[in-house]
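Undergrad:
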Amino acid sequence: DGATPQERPLRHVWNACLGAGRANEALRADWQAHFREAVEVLGARTVRFHGIFHDDMFVYRATYGGGFGPDNVLPEPVITFSYVDKVVDFILDVGARPFVELGFMPRALATQTQTLFWWKAHCSPPNDMGAWAELVRATVQQWVDRYGVD
Numbered sequence: 024d025g026a027t028p029q030e031r032p033l034r035h036v037w038n039a040c041l042g043a044g045r046a047n048e049a050l051r052a053d054w055q056a057h058f059r060e061a062v063e064v065l066g067a068r069t070v071r072f073h074g075i076f077h078d079d080m081f082v083y084r085a086t087y088g089g090g091f092g093p094d095n096v097l098p099e100p101v102i103t104f105s106y107v108d109k110v111v112d113f114i115l116d117v118g119a120r121p122f123v124e125l126g127f128m129p130r131a132l133a134t135q136t137q138t139l140f141w142w143k144a145h146c147s148p149p150n151d152m153g154a155w156a157e158l159v160r161a162t163v164q165q166w167v168d169r170y171g172v173d
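Take any residue in the sequence shown, count from 1 to its spot, add 23: that is its number in my numbering.
(1) Note down, in chain order, each residue of its chain lying with its Cβ closer than 6 Å to the Cβ of Gly-44, except the 5 sequence neighbours on either side.
(2) Let's test the definition: count the other Cβ atoms within 10 Å of the Cβ of Phe-91 and tell me whether it reaches 16, buried, or not, exposed.
(3) How is Asn-150 classed by DSSP in three states: helix, strand or coil?
(4) Please identify the residue among Ala-85, Thr-27 and Trp-141 whose C-alpha is closest to the C-alpha of Pro-129.
(5) So, is Thr-27 buried or exposed, given that buried needs 16 or more other C-beta atoms within 10 angstroms?
(6) Could you tell me whether the Cβ atoms of Thr-103 and Phe-81 are closer together than 8 Å?
(7) Just to confirm before moving on: does the CB-CB distance between Tyr-83 and Asn-95 stay below 8 Å?
(8) Quick one: Cα of Trp-141 to Cα of Ala-154, how far?
(9) May I ask you to verify whether the segment 163 to 170 touches the segment 129 to 139, counting CB pairs closer than 8 Å and requiring at least 3?
(10) Go to Phe-58, then tell me how far its alpha helix (DSSP H) extends in each direction, as first and last residue.
(11) With DSSP as the reference, identify every bridge partner of His-73, one or two as the case may be.
(12) Applying the 10 Å Cβ sphere with the 16-neighbour rule, what's the burial state of His-35?
(13) What does DSSP give as the partner residue(s) for Val-111 in the beta ladder?
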């Protein structure tokens, strides 16, 4: 447009996005009430949080056992979006959009057992890049199928 950066108005894009802790917290009624208020009162339009792939979202399972004895390895990993869908559905229903962060690593795909934070975030690279790529691909496909490309 020919205008110098000094002549252009400064858009306050940071006012439109909230940081909100962990994805699992967005399943709680109190979090949802607070976020709804942030959208309605503050005009928040996007939200970013950690842990969409954290084990407490139950997205990626490579074993089963129920805590009664050793886990058994599944023939194929199971990818489930029930909790992720609930979170994204709520965000969209209140008129906002998620700012997606693909993390943290599911324990079953982590190369290391050491975690960060009290909620045990796995921060290591994947132990199987093909499985990680499939998880990311399946997640994006789930969102395209459920919500469309926009």
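Yeah, the Cβ is synthetic: ideal placement off N, Cα and C, and Gly gets one too.
TA: So, to answer that:
(1) Cβ neighbours of Gly-44 beyond the five flanking positions: Phe-72.
(2) The C-beta of Phe-91 has fewer than 16 other C-beta atoms within 10 Å across all chains shown, which makes the residue exposed.
(3) Asn-150 falls in the coil class under three-state DSSP.
(4) The candidate whose alpha carbon is nearest that of Pro-129 is Ala-85.
(5) Within a 10 Å sphere around the beta-carbon of Thr-27 sit fewer than 16 other beta-carbons, which makes this residue exposed.
(6) Yes. Within cutoff.
(7) For Tyr-83 and Asn-95, no; Cβs fall outside 8 Å.
(8) Going by the C-alpha atoms only, they are around 26 Å apart.
(9) No contact exists between the segment 163 to 170 and the segment 129 to 139.
(10) Per DSSP, Phe-58 belongs to the alpha helix (DSSP H) from 52 to 60.
(11) DSSP, once it has assigned bridges, lists Arg-45 as partnering His-73.
(12) Flag for His-35 reads exposed.
(13) DSSP lists no partner for Val-111.
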